[in-house]
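Quick note, the working numbering runs 10 ahead of the 1-based positions in the sequence shown.
What follows is a set of notes on a single structure, which appears directly below.
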Amino acid sequence: MTLTGIQKAALLLTTLDASTAADLLKGQPQQVVQKIAFELSELDLKGQTNTEQASEVVQQFFAELTRPQSGELHIKQFVNSLLQGSAGKEKAKELQNKMQQAVIQKDPFVIISDASPIHLASVLQNESPQAIAIVLSEISPKLGTEILSRLDEQKAQMTVWRMAQPATVSRQTVLRIGEMVHKRLAEMQSEQVEAGQTPEEDTSTANLRKIALVLGGLNKEKRDAFLETIEGKDDEAADMVRALMVTWEDIPRIEDKSLQEILRQVEVSTMAKSLQGADAIIAAKINGNISGRMKEMIEEEVSLMGTLKKKDIAEAREAMVQPLRDANKAGDLEFIEEDD
C-alpha cells in the first residue's frame with residue numbers, strides 16, 4: 011500500500027512513546043493533529059498498521075537514528091495519549107468524537123467490519139437481500155461467510171444471487187446503507203446497555219472465550235493445570251472458561267466420530283427444539299451425524315410442536331452442549347484441526 015505523507019507521519023509516531031510524540035506535535039495546528047490521529051485510527055481499523063511498514067518509514071525519515079524505540083503500544087491508547095498530550099484533556103474528547111465521525115462519514119464499513127457477527131447478522135436479518143449484498147460486498151469474505159450462515163436460508167440464497175449481479179448502485183447509495191447499518195448497530199448496543207448487558211460484561215466474556223480457545227488447544231494435563239490455577243483465584247471465571255470451551259457455535263468444529271457418540275445420548279425432543287432456527291452450518295453438521303431414523307423422528311417431533319419461545323430453544327441447546335462439555339472435560343472430545 012502506498013502511504014500518503016500524513017499516513018507516514020502517523021506510522022512514524024507509533025514508533026515513539028506517546029509523550030514524545032505529543033511533544034513533537036505541541037507546536038502543530040490542531041488540524042494537523044486531528045488528521046494524523048484520524049489516519050492512525052483508520053489504518054488500525056483496516057489492519058494496515060504493521061511493524062514492517064513502520065520500520066520502512068523510520069528508515070526513510072530517520073536514517074540517522076540508530077535505534078527507534080520498539081515498545082509496542084496499542085493504537086487506541088496511543089491516540090488517546092497523543093490527543094491529550096498535544097491538545098489538552100478538554101479538547102481531546104472533542105477531537106476523538108470528530109475523528110470517529112470522520113471515519114464513519116468517509117467509510118462506515120470500516121466500523122461495521124469490527125462489529126460482532128451475531129449483532130451484524132441480527133441487524134441485517136430484516137433488510138432486503140440487495141441491501142445485505144451491498145454490505146457483504148464491503149466487508150471481509152470471512153465476516154461475510156459468518157453473516158450468511160446466520161441468515162435464514164431463503165434470504166441467504168437471494169443475497170448471494172444479488173451479489174452475483176452487476177453493481178448498479180452509486181457509491182453514495184452504498185455509503186448511505188453503511189451509515190444506516192452503523193446507526194442500527196449503535197442503537198442495538200444502546201438497548202443492550204439499557205437492558206443491563208454492559209460493554210464491559212461483553213468484553214469480559216469475550217476475553218474468557220479467548221482463554222477457553224487457547225486452553226482448548228492444549229492437551230488435557232496442561233489444560234487442567236491452567237484451569238486449576240484460574241480456579242484458585244476465581245471460581246466463577248474458571249467455570250465460565252470451562253463452559254466457553256465448548257459452545258453451540260463450536261459444533262461444526264467437532265470431529266464427526268466424537269459428535270456421533272454424543273448425539274446418540276440426546277433426546278429426540280431436545281434435538282428437535284435445539285434445531286429450530288439454527289444456523290445452516292450447525293444444522294447441517296448435526297443432521298450429517300445422525301441416522302435416517304433419527305431424522306424422521308425429529309421431523310415428526312417438529313410437526314407436533316407449536317411456536318417455541320427463545321428461552322425453550324436456548325435451554326434445549328444448552329442441554330445438547332452439556333454432554334459435549336463433559337466429554338471435553340474427560341479428554342474424549344476431538345476437534346477438527348484447522349490449517350494455520
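Virtual Cβ for every residue (Gly too), placed ideally from N, Cα, C.
Check: Cβ-based neighbour list, T213, same chain, cut-off 8 Å, excluding 5 preceding and 5 following; Outcome: Residue confidence is low: T213 scores 49 on pLDDT, short of 50, so the model does not pin down where it sits. Its coordinate-derived value is still stated next. Same-chain partners within the cutoff: there are none.
Check: Per-residue DSSP class, three states only, for V312; Outcome: helix
Check: Start and end residues, alpha helix (DSSP H) containing L254; Outcome: 245-255
Check: Assumed close pair I240, A253 - CB separation to whole angstroms, cut-off 8 Å; Outcome: About 13 Å separates the two Cβ atoms, so there is no contact after all.
Check: According to DSSP, residues forming a beta bridge with F236; Outcome: Its beta-bridge partners do not exist; DSSP assigns none.
Check: Nearest candidate by alpha-carbon position, reference G227, set K243, E246, V256, G242; Outcome: V256
Check: Candidates E277, H129, L334, Q286: closest to A196 by CA position; Outcome: H129
Check: Beta-carbon proximity check, A282 vs E311, cutoff 8 Å; Outcome: yes
Check: Boundaries (first-last residue) of the alpha helix (DSSP H) holding G298; Outcome: Note, G298: premise wrong, no alpha helix (DSSP H); not H, not E.
Check: Contact check, I261 vs K295, beta carbons under 8 Å; Outcome: yes
Check: Beta strand (DSSP E) runs wholly inside the segment 142-168, at least 3 long, in chain order; Outcome: none
Check: contact_flag[the segment 272-291, the segment 301-320] where n(CB pairs < 8 Å) is 3 or more; Outcome: yes
Check: CA-to-CA distance, S150 to L285, given in whole angstroms; Outcome: 28 Å
Check: I264 - DSSP class collapsed to helix/strand/coil; Outcome: strand
Check: Cross-strand partners of F48 (DSSP beta bridge); Outcome: Bridge partners of F48: none, in fact.
Check: Contact set for I8: own chain, Cβ-Cβ below 6 Å, skip 5 residues either direction; Outcome: Outside the displayed span of the chain (11 to 350) sits residue 8, for which this structure offers no information.
Check: Identity of the residues DSSP links to F345 by a beta bridge; Outcome: I264
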